[in-house]
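With this note's numbering, letter number 119 in the sequence shown gets 119, and the count goes up by one each step, no holes.
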Amino acid sequence: MLKNLKEAVCQANRLLPAYGLVRLTWGNVSGVDRERNVMVIKPSGLPYEGMTAEDMVAVDLGTGQVIEGTRRPSVDAEIHLELYRTFPQIGSIVHTHSKWAAVWAQAGREIPALGTTHADEFSGEIPCTREMRAEEIQTNYEQNTGRVMAETLRKQKVRSSGAVLVRSHGPFAWGETPQRAVEVAVTLEEVADMAWHTTLLCGGAPPPVMDELLSRHFCRKHGREAYYGQLF
């Protein structure tokens, strides 16, 4: 039911300021119903405080047209739609301008995998897109942003959860559900903070985490052999 998806997307959006991932209205969460071919997303510029499920906007996944809701969807809706269309394993997307992840995006640099906090969520470095061309910015900007992200992500195995930095812009994270996507965004911001300070402390590029340690920690929480957490 769209009612349930709207509620989940609304709750996830309200978690963004609670976790310190956004200022003012600088972020959005969306979720997708693949059976109905519908995306639900935060309205454009709406404050998180007082936001309700009824405020969420439902958009046709194929045409991008609003099919339910009285408000305008986020200006980033076309970015979300492009990722959903390209990667069917994605169930929800979070976009923020969280400080430390945005620092790496503005530098045009991927976030290196330096320790087990990173490895618990991400199986390698968090990529950063190329610089967009002038014509891509001047025409169909949001859709082209999504396409540049997809171009970057095709170079690696895209899982049901993960993240990417859009150069000069900020981070996008995704997961199977809105709640899960927010968790990935929270982890992304933490490892971006850690990576920045580790790089500063080392006076340059620090050594990456050992491949064996990266794989061990990632596989503890992801995949068929995962054993982190409870069975109920």
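Even glycine gets a Cβ: it sits at the ideal position worked out from N, Cα and C.
Backbone CA spacing between residue i and residue j [nearest angstrom]
i           : j           : result
residue 96  : residue 171 : 6 Å
residue 193 : residue 105 : 13 Å
residue 22  : residue 161 : 20 Å
residue 8   : residue 203 : 43 Å
residue 212 : residue 155 : 22 Å
residue 151 : residue 139 : 18 Å
residue 226 : residue 116 : 15 Å
residue 78  : residue 112 : 28 Å
residue 201 : residue 100 : 16 Å
residue 132 : residue 169 : 11 Å
residue 81  : residue 87  : 10 Å
residue 165 : residue 121 : 16 Å
residue 178 : residue 136 : 29 Å
residue 45  : residue 26  : 8 Å
residue 231 : residue 90  : 24 Å
Where residue i falls: helix, strand or coil (DSSP)
i           : result
residue 26  : coil
residue 172 : strand
residue 193 : helix
residue 204 : coil
residue 73  : strand
residue 68  : strand
residue 148 : helix
residue 222 : coil
residue 111 : strand
residue 120 : coil
residue 126 : strand
residue 137 : helix
residue 40  : strand
residue 184 : helix
Residue interval of the beta strand (DSSP E) (run including residue i)
i           : result
residue 165 : 162-166
residue 58  : 57-60
residue 94  : 92-96
Cβ neighbour criterion (16 or more within 10 Å) applied to residue i
i           : result
residue 145 : buried
residue 224 : exposed
residue 157 : exposed
residue 84  : buried
Segment limits, alpha helix (DSSP H) that includes residue i
i           : result
residue 102 : 99-107
residue 44  : That residue, residue 44, is in no alpha helix (DSSP H); it is neither H nor E in DSSP.
residue 14  : 2-18
Residue-level contact to chain C via CB, residue i, 8 Å cutoff
i          : result
residue 23 : Although the question refers to chain C, the structure presented lacks it and comprises just one protein chain.
Distance cut-off 7 Å: residue i Cβ against heavy atoms of the ligand COA
i           : result
residue 154 : With respect to small molecules bound, the structure shown includes none, and the ligand COA cannot be examined in it.
Are at least three pairs of beta-carbons, each pair with one atom in the stretch 190-200 and one in the stretch 33-51, less than 8 Å apart?
no
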